[in-house]
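S.K.:
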Amino acid sequence: MLNAANENTGLPTQMSMDWVFEHVANKKLIFQGGEKTKLANAMIKNKNKVERFVFAIDKTDGSGYFTKLSNEFKN
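Everything in the sequence shown is counted per numbering that gives the first Met the number 0, starting at 0 for the first residue and increasing by one.
1. Note down the Cα distance separating residue 50 from residue 26, rounded to an integer number of angstroms.
2. Nearest CA to the CA of residue 53: which residue from 6, 4 and 14?
3. As a quick exercise: from 10, 67, 37 and 33, pick the residue whose alpha carbon is nearest that of residue 22.
4. Let me know if residue 1 comes out buried or exposed under the rule of 16 or more other beta-carbons within 10 Å of its beta-carbon.
5. Using alpha carbons as the reference points, say which of 7, 19, 63 and 31 lies closest to residue 45.
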């Protein structure tokens, strides 16, 4: 389950595009230096090329599932 936007912290809905850039790129990666800063800068520079994916493993049989996230988020 994804966390909805939080008025107290100002964070957008988890895994939304706003969250990816405002939280992950601008608040997490950018300050870690090295390759992580390069990744953050590349993400910010190429916003129109960034996609979000989720990988999950079925614990019953070990199967993996790779899914692209939609831009349609419901809180």
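We treat Cβ as the ideally placed atom computed from N, Cα and C, and that holds for glycine.
Owing to the predicted nature of the structure, the values given are computational and were not obtained by experimental measurement.
M.R.: According to the structure shown:
1. Straight through space, the alpha carbons of residue 26 and residue 50 are spaced by roughly 19 Å.
2. 14
3. 10
4. exposed
5. 19
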